[in-house]
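Novice:
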Amino acid sequence: MTPQLLRWLAALPHRAIACSGGIDSLTLATAAHRAGPGTTLVVHSVTPAVPAAATARVLEAAAAEEWDLCIVRSREFEDGRYLSNPLDRCFVCKSHLYDAMSDLVEAVGGTHTLLSGANVDDLGEYRPGLRAAAEHGVRHPYVEIGAGKADVRAMARDLGLEHADLPASPCLASRLYTGTAVTAVRLHAVEVGEAVLTARTGAAVVRCRLREDDVRIEVGDGDRARITPDVVSAVLAAMRAVDPGIRSAALDREPYRPGRAFTLTPVRP
């Protein structure tokens, strides 16, 4: 589907890509930059919810591909709605991101089309961020050409991207159960805990979900045996060194499942 994507992108004279550092947006940004003619702005937001590894991937790709990269700091951490971590937190976050992108586009002439890396598989999940995209006129090239996650990975390989098989890694706020307040300290603790978990186990996908002061460790079904008591203790110690308010950690009773931290009943202190 790579030629189809390139043709779709080339038909737009000016493009602004929201690039989180995941494989979907990295592939889209690379394809848009190579598609020509016209101009492509690649926009990456840096906040406490963005893993440092994601920003590093964006900077690396921007240097290699010579992107016109714009780093913004969207303002969700100034918004009490976001910090309270409601069920539609992603709507609030994406609204701030697209506001920042719209302001940037206006500053450079106002003719760029805002694009996201959402694919058709995302449409079957709970994605309140898509509502924010609709309100800001954001288009989704993968959706418009009918590309799913497997298609995106295939296109990434076609384009020669080294991260074609990168596991999904949404923002750090996705690790906090609905109703658990978002703070920079908590998010950094999650990032540190997951780094320890990866280093100690080698598991491809790891999550440290936080419900108030309790950590639930999630890995794939085939990696659960690697989560020994020593590993749990190491993760807890690393996270408590960042956030002393964290009190306990344990392996979740179920294997990793995307979106588990979204709950219909908000967590209360």
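Residue numbering for the sequence shown is 1 to 269, as defined by the UniProt record's numbering.
Note that beta-carbon positions come from the ideal geometry of N, C-alpha and C, so glycine has one too.
Kindly indicate which three-state DSSP category SER45 falls into: helix, strand or coil?
Specialist: Locating residue 45 in the sequence shown gives position 45, counting from the first residue. Looking at SER45 - three-state DSSP - the assignment turns out to be strand.
Novice: Which partner residues of ALA249 appear in the DSSP bridge assignment?
Specialist: Sequence index remark: in the sequence shown, residue 249 carries index 249 (1-based). For ALA249, which the question treats as bridged, DSSP gives the partners VAL215.
Novice: Does the beta-carbon distance from GLY259 to SER169 come in below 9 Å?
Specialist: Within the sequence shown, the letter at position 259 stands for residue 259. Within the sequence shown, the letter at position 169 stands for residue 169. Not a contact, by the Cβ cut-off of 9 Å.
Novice: Note down, in chain order, each residue of its chain lying with its Cβ closer than 8 Å to the Cβ of ALA52, except the 5 sequence neighbours on either side.
Specialist: As a position in the sequence shown, residue 52 is number 52, starting the count at 1. Taken in chain order, the residues that qualify are GLU191.
Novice: Strictly by DSSP, which residues pair up with CYS208?
Specialist: Here residue 208 refers to the residue found at position 208 when the sequence shown is read from its first residue. Answer by DSSP bridge pairing, in chain order: ILE217.
Novice: Tell me whether the beta-carbon of residue 343 lies closer than 9 Å to the beta-carbon of GLY117.
Specialist: For the chain, the structure presents residues 1 to 269; residue 343 sits outside this window and is missing.
Novice: Any idea if GLY129 is buried or exposed, counting beta-carbon neighbours within 10 angstroms, 16 or more meaning buried?
Specialist: As a first step, residue 129 must be located in the sequence shown, where it is residue number 129. Answer is buried; the Cβ neighbour count reaches 16.
Novice: Could you compute how far the alpha carbon of ARG139 sits from the alpha carbon of ASP230?
Specialist: The residue labelled residue 139 in the question sits at position 139 within the sequence shown. The residue labelled residue 230 in the question sits at position 230 within the sequence shown. Distance between the alpha carbons of ARG139 and ASP230 is about 47 Å.
Novice: Could I get the ranges of all uninterrupted beta strand (DSSP E) runs contained in the segment 91-124, with 3 residues as the minimum, in chain order?
Specialist: Here the runs fully enclosed are 113-115.
Novice: The beta strand (DSSP E) with ARG15 in it runs from where to where?
Specialist: As a first step, residue 15 is located in the sequence shown; it is residue number 15 there, counting from the start. Its beta strand (DSSP E) spans residues 14-18.
Novice: Buried or exposed, going by whether 16 or more other CB atoms sit within 10 Å of the CB of PRO141?
Specialist: Counting from one through the sequence shown, the residue named residue 141 turns up at place 141. Buried: at least 16 other Cβ atoms inside 10 Å.
Novice: Pull up the DSSP beta-bridge partners for CYS70, would you.
Specialist: Counting from 1 along the sequence shown, the entry for residue 70 is found at position 70. Partner(s): VAL43.
Novice: Please report the straight-line C-alpha distance between LEU12 and THR113, rounded to a whole angstrom.
Specialist: Position 12 of the sequence shown, counted from the first residue, corresponds to residue 12. Position 113 of the sequence shown, counted from the first residue, corresponds to residue 113. LEU12 and THR113: Cα-Cα distance of roughly 8 Å.
Novice: Among the residues of its own chain, which have a CB less than 6 Å from the CB of LEU97, if the five just before and after it don't count?
Specialist: Reading the sequence shown from its first residue, position 97 is the one you call residue 97. Cβ neighbours of LEU97 beyond the five flanking positions: SER45, SER74.
Novice: For ALA261, report the span of its alpha helix (DSSP H) as first-last.
Specialist: Translated into positions along the sequence shown, residue 261 becomes position 261. Taken as a continuous stretch (DSSP letters only), ALA261 belongs to no alpha helix (DSSP H), as it is neither H nor E.
Novice: Please work out which residues of its chain come closer than 6 Å, Cβ to Cβ, to VAL232, disregarding the five sequence neighbours upstream and downstream, and give them in chain order.
Specialist: Position 232 of the sequence shown, counting from 1, holds the residue named residue 232. Here the set comprises ALA249.
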